[in-house]
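Residue numbers (the numbering used here), protein chains in the order written: chain Z, 24 to 289; chain E, 1449 to 1716.
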């Protein structure tokens, strides 16, 4: 499709324009509610939302909160990934440990982990660490299952070849299992970064003094729906940027992976 | 003279869900030092099983394997193994794959790289050291695997249909290159193939295995063709054709038997 980006942009503008028209008080005759301000109260008005966003960025209020959310996301991602990698390698390589822990892993994965947030709040306080802990519980399982699968699915031929080339058990772990497992880790990068982000924001929303989730929670308490939407908008944009960055890193790290569009051979 | 590899009454039985399956039974076979021996036989006759026993990747159910006179326990450290399917580490470049064995042995990285580069050049891949396996063609991956094996200078080469996935032209090129490399220092080779022409063209001796289950050698043929050989030309040699006829004659029955078994297995 030609001008794809242009059409995408037009769609964006169209949606927000429609939203503005439907929600603006006294622009259209009342259809659903008698009170002309009711629609704006529930759904906000895009123009006011963008004004809030503008003020946040122009006034510099938002940066501190974004920075806190980013820190939480990054820490949750790194800690969760490392723990997941270690646990995945261990259980993947030890059938006994895997058999022993299997029901517990399944149970902990099935548990809605957001309910842990109040406990983490008690344990780690209202600072960033309770949010990091929540993010870690979300990231851990994604990474764990991927690495576990990665270890299980190492090609037996590659493994035998390494053995014949003289690799001992430790070398097999370091030069065969670990690279294979990390490749699975990287393929779950998008999901796990997303989950770290969810953990951070939900944690902030449930109780904090800083962060974008905190801004949303504050605005909601004051029935300021425009600010809530502004917060959602900023979070979405932030997540997009994060996802883009992850995509860049992924392409860099998985350079050895054949991609479907790859034609360069020889 | 002690044989490089000697099988003494090797039997391999696998326990499966549908009962146990004996792949090879009572195989006794010796590969002399510096000898190039090919084992041919119908598909599914346990050729690869024998090779895995020689490599020490698989312990036989009964019988002993001796390597230069010593009973083999665990991995055969004097052997290099070239696999039928892709065995390169996909996350390593061609050069890093070639030097993997040196790295496992604790050779300094710089020295390993220099030797790896040298071996890549010997197999004609001098400019491709930084490519990943998926960026190489099938033939180039085989060359990389060959260099990966030979860089460790093993005394015994175990090769499991290494060129079966290649097209005919590439295959003949690779066979010639293998002969050239082998000629330089005459290692002992146990070469598994289902292609009789390949076996004759390369070997000093061809061993025919019966159809499985319980496969065993049913014939041995000395190949007295002069060396050095060119595999694409030697196929038209009168002596080659004569040998081919003789071996094929003894194999035919087994191949048909193997074929019938496979067909029955599919049908049932």
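Using N, Cα and C, we set each Cβ at its ideal position, and we do this for glycine too. Everything numeric in this text was worked out from a predicted model, so none of it was measured.
Original post:
Are there 16 or more other CB atoms within 10 angstroms of the CB of residue 289(Z), so buried, or fewer, so exposed?
Top reply: Reading the first chain from its first residue, position 266 is the one you call residue 289(Z). With a pLDDT of 43 at residue 289(Z), under the threshold of 50, the predicted position of this residue should be treated as unreliable, though the coordinate-derived value follows. Exposed, by the Cβ-count rule.
Original post:
Would you say residue 189(Z) faces chain E, with C-beta separation under 7 Å as the test?
Top reply: For the purposes of this step, residue 189(Z) is taken as residue 166 along the first chain, with counting starting at 1. So, interface residue.
Original post:
Where does residue 1513(E) fall in DSSP's three states?
Top reply: As a working note, residue 1513(E) is residue 65 in the second chain. Of the three classes helix, strand and coil, the one that applies to residue 1513(E) here is strand, per DSSP.
Subject >> Nearest neighbour of residue 214(Z), chosen from 247(Z), 260(Z), 158(Z), 244(Z) [CA to CA] >> reply: Reading the first chain from its first residue, position 191 is the one you call residue 214(Z). Nearest of 247(Z), 260(Z), 158(Z), 244(Z) to residue 214(Z), Cα basis: 158(Z).
Subject >> Proximity below 7 Å, CB of residue 164(Z) to CB of residue 132(Z) >> reply: One-based indexing of the first chain puts residue 164(Z) at position 141. One-based indexing of the first chain puts residue 132(Z) at position 109. It is a contact, given that the beta carbons lie within the stated cut-off.
Original post:
residue 195(Z): which of 24(Z), 94(Z), 177(Z) sits nearest, CA to CA?
Top reply: In the first chain, counting from the first residue as 1, residue 195(Z) sits at position 172. Looking at the Cα atoms, 177(Z) is the closest of the given residues.
Original post:
Taking the DSSP output, what are the residues bridged to residue 1653(E)?
Top reply: Translated into positions along the second chain, residue 1653(E) becomes position 205. According to DSSP, residue 1653(E) bridges with 1485(E), 1670(E).
Original post:
By the 10 Å Cβ neighbour count, where 16 or more other Cβ atoms means buried, how is residue 136(Z) classified, buried or exposed?
Top reply: On the first chain, position 113 is the one that residue 136(Z) refers to. Buried, by the Cβ-count rule.
Original post:
So residue 187(Z) is in the alpha helix (DSSP H); what residue range does that whole segment cover?
Top reply: In the first chain, the residue the question calls residue 187(Z) occupies position 164. Segment 179–187, the alpha helix (DSSP H) holding residue 187(Z).
Subject >> Residue interval of the alpha helix (DSSP H) (run including residue 1535(E)) >> reply: Indexing the second chain from 1 puts residue 1535(E) at position 87. Unbroken run through residue 1535(E): none, as it is neither H nor E.
Subject >> Under 7 Å between C-beta atoms of residue 1452(E) and residue 1471(E) >> reply: Translated into positions along the second chain, residue 1452(E) becomes position 4. Translated into positions along the second chain, residue 1471(E) becomes position 23. It is not a contact, given that the beta carbons lie outside the stated cut-off.
Original post:
Since residue 1541(E) contacts residue 1579(E) with CB under 8 Å, what's their CB separation in whole angstroms?
Top reply: Reading the second chain from its first residue, position 93 is the one you call residue 1541(E). Reading the second chain from its first residue, position 131 is the one you call residue 1579(E). About 6 Å; that satisfies the 8 Å criterion.
Original post:
Tell me the DSSP bridge mates of residue 1527(E)?
Top reply: Reading the second chain from its first residue, position 79 is the one you call residue 1527(E). Answer is 1604(E).
Original post:
Looking at the C-beta of residue 288(Z), does it have a partner C-beta in chain E at a distance below 7 Å?
Top reply: Translated into positions along the first chain, residue 288(Z) becomes position 265. Caution applies to residue 288(Z), whose pLDDT of 44 falls short of 50 and renders its modelled position unreliable; the value that the coordinates give is listed next. So yes, residue 288(Z) belongs to the interface.
Subject >> Given 8 Å, three or more beta-carbon pairs between the stretch 1514–1534 of chain E and the stretch 1585–1599 of chain E >> reply: yes
**OP:** Return helix, strand or coil for residue 1465(E), following the three-state DSSP convention.
**Re:** Along the second chain, one-based indexing puts residue 1465(E) at 17. Reduced to three states, the DSSP call for residue 1465(E) is coil.
**OP:** Could you tell me the distance, in whole angstroms, from the CA atom of residue 141(Z) to the CA atom of residue 184(Z)?
**Re:** Residue numbering aside, residue 141(Z) sits at position 118 when the first chain is read from its first letter. Residue numbering aside, residue 184(Z) sits at position 161 when the first chain is read from its first letter. Whole-angstrom Cα-Cα distance: 50 Å.
Original post:
Would you report the Cα separation of residue 217(Z) and residue 105(Z), rounded to the nearest angstrom?
Top reply: If you number the first chain from 1, residue 217(Z) lands on position 194. If you number the first chain from 1, residue 105(Z) lands on position 82. Distance between the alpha carbons of residue 217(Z) and residue 105(Z) is about 16 Å.
**OP:** Would you mind sorting residue 1562(E) into buried or exposed? The rule is 16 or more other CB atoms within 10 Å of its CB.
**Re:** For the purposes of this step, residue 1562(E) is identified with residue 114 of the second chain, where counting begins at 1. Residue 1562(E) should be labelled exposed.
Original post:
Within 10 angstroms of its Cβ, does residue 1610(E) collect 16 or more other Cβ (buried), or is it exposed?
Top reply: Locating residue 1610(E) in the second chain gives position 162, counting from the first residue. Residue 1610(E) is buried by the Cβ-count criterion.
Original post:
Exposed or buried, residue 239(Z), counting other C-beta atoms within 10 Å across all chains shown (16 or more means buried)?
Top reply: The residue you call residue 239(Z) lines up with position 216 of the first chain. Buried, since its Cβ has 16 or more Cβ neighbours within 10 Å.
**OP:** Would you mind reading off the limits of the beta strand (DSSP E) that contains residue 1547(E)?
**Re:** Taking the second chain and counting its residues from 1, one reaches residue 1547(E) at position 99. Here residue 1547(E) belongs to no beta strand (DSSP E), and DSSP marks it neither H nor E.
Subject >> Cβ of residue 202(Z) within 7 Å of any chain E Cβ >> reply: For this step, residue 202(Z) is matched to residue 179 along the first chain. Yes - at least one Cβ of chain E is within 7 Å of the one on residue 202(Z).
Original post:
Using a C-beta cutoff of 7 Å, does residue 279(Z) count as contacting chain E?
Top reply: Taking the first residue of the first chain as position 1, residue 279(Z) is located at position 256. By this cut-off, residue 279(Z) is an interface position.
**OP:** Identify the contact partners of residue 1529(E) in chain Z, using a Cβ-Cβ distance below 8 Å as the criterion.
**Re:** Start at 1 with the first residue of the second chain, and residue 1529(E) comes out as number 81. Per Cβ cutoff of 8 Å: 183, 184, 187.
Original post:
Mind checking whether residue 63(Z) and residue 52(Z) have CB atoms under 7 Å apart?
Top reply: What you label residue 63(Z) is simply residue 40 of the first chain in a count that begins at 1. What you label residue 52(Z) is simply residue 29 of the first chain in a count that begins at 1. In this structure, residue 63(Z) keeps its C-beta atom at 7 Å or more from the C-beta atom of residue 52(Z).
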